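Residue numbering for the sequence shown is 613 to 982, as defined by the working numbering.
Even for Gly, the Cβ is constructed at its ideal location relative to N, Cα and C.
All values reported here derive from a predicted model rather than from experimental measurement.
Quick notes on the structure that follows.
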Amino acid sequence: MNTQATDQRLMSRAIELAKKGLFSTDPNPRVGCVIAIGEEIIAEGWHEKAGQKHAEIMALENANQPVKGATCYVTLEPCSHHGRTSPCSDALIKAGIGRLVVAMEDPNPRVSGNGFAALRKAGVQVETGVMEQESRELNPGFIKRMQTGLPLVTCKFAMSLDGRTAMASGESQWITSKQSRQDIQILRARSSAIVTGSSTVTIDDPSMNARSEDFPESLDPKQNIMQPWRVIMDSKLSVKPSAKIFKLPGKVIWATTENVNSSDDTEQLTMLQLQADDKGKVRPDLLIQWLADQGCNEVMIEAGAELSGAFIAADLVDRLVVYIAPKVLGDNARGLLHLPGLEKLAQAKQYRFVDARICGPDVCLTYVRE
């Protein structure tokens, strides 16, 4: 048996399983687990939702034969602390797992390295780093929040070839194609929160939710989806309560600089008062920090030129996802970003290209902050 090839194949399966929790595990990471004897898989599991069984426990319970001496493949270091569930490292030791193959160490300071230490102390052979990069790509927001205290922030744009997002009148439905809009549903579904501004809500009356029925045909529409929080930055509370964004399932955060009464909070709505910037607007940095403190891993900005520009100006955006339609709207149409104060090339915000994809007639480009 080629041990290296087997480890790669079975870890690849564990990563595939972890993706089943792509839209439902917040604030926990997405984790997959495979238990095998030699090349034969005898159990599989994945973390489905926070508070429910971890991937390792699910796999142990699904085993079709005794696991004593078997190899456990898991995409993230088994937990070693008591939270909502008991430590997975203890469960693996008790079950008699002989070898553990892990993609990456848990970035959570409460766990980092402790799970490995407990398993090694119990005589389990532990190997790490198998398909680590692929595993990291499952949880970029969780990793960043554990390491920096802030979520991964993505700014999404839909624009014409000449960098325009709407006609001068505000008409913008639809610049990009159906395929691009389906792709955006996946971005929404994997986000913990979607942030928009009062102008967008007033003009477009958007839903800002994740709709599995609008997923691409290649994706299982029955996947478990935890609706992202819909966050409105509305310094003067100008949005009408009749807006569609308040009427759909899922939680809404109404962030403002005005005095709010916590008694106005409901299960679905949280009124959030934050400090104003020098222009009287809600400070983006304070909102992002508050979202991180609530356990948000990935935050997406879907807003107009001014609000998107404010997040970029504050160096809060980690990733740009840009959908470009094969249309030219002309110089009277509305521009992509409002970034006052940039007068020299040296002041430009720098991003690094990482990916290009085709979405029907459109192109989707992804960049990350240098």
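What does DSSP give as the partner residues of residue i in its beta bridges?
i	result
G644	W658
I653	A648
D974	C971
T845	Before going further, note that residue 845 is Met rather than Thr in the sequence given. Beta-bridge pairing links M845 to G809, A867.
G947	R776
R981	Y963
L893	As written in the sequence, residue 893 is Lys, which differs from the Leu given in the question. K893 is not bridged to any residue.
C691	Answer is none; C691 lacks a bridge partner.
V686	C645, V714
Which stretch, first to last residue, makes up the beta strand (DSSP E) that contains residue i?
i	result
D967	963 to 971
L932	931 to 936
R776	776 to 778
A770	764 to 771
I'd like the list of long-range same chain contacts for residue i, defined as Cβ closer than 7 angstroms, with 5 residues on each side in sequence excluded.
i	result
M820	I806, T808, R842, I857, E914
G907	D638, P639
N720	M758
L849	T868, E870
Cutting at 6 angstroms between CB atoms, please list the residues of its own chain near residue i, excluding the five before and the five after it.
i	result
G710	G681
A937	S772, I787, T788, D974
K632	W658
Using a Cβ-Cβ cutoff of less than 8 angstroms, which residues in the same chain neighbour residue i once the five nearest sequence positions on both sides are dropped?
i	result
L672	I647, A655, G657, V679, A703, L704, A707
A917	T777, R946, G947, L948, L949, H950
Along the chain, where does the alpha helix (DSSP H) that runs through residue i open and close?
i	result
C700	700 to 707
M670	667 to 674
A801	790 to 801
K756	752 to 760
L712	L712 -> not in any alpha helix (DSSP H); beta strand (DSSP E) instead, spanning 711 to 714.
I627	615 to 630
My output table needs one value for residue i: the three-state DSSP class, helix, strand or coil.
i	result
Q737	strand
T882	strand
A960	coil
F635	coil
E744	helix
E918	helix
A730	helix
F827	coil
I913	strand
K939	coil
A855	coil
A925	helix
A888	strand
Q906	coil
D817	coil
S850	coil
D877	coil
On the CB-based measure, 16 or more other CB atoms within 10 Å of its CB, does residue i come out buried or exposed?
i	result
R895	buried
T615	exposed
F728	buried
T868	buried
I755	buried
Q785	exposed
E668	buried
N987	In the structure displayed, the chain extends from 613 to 982; residue 987 sits before or after that span and is not available.
V929	buried
K661	exposed
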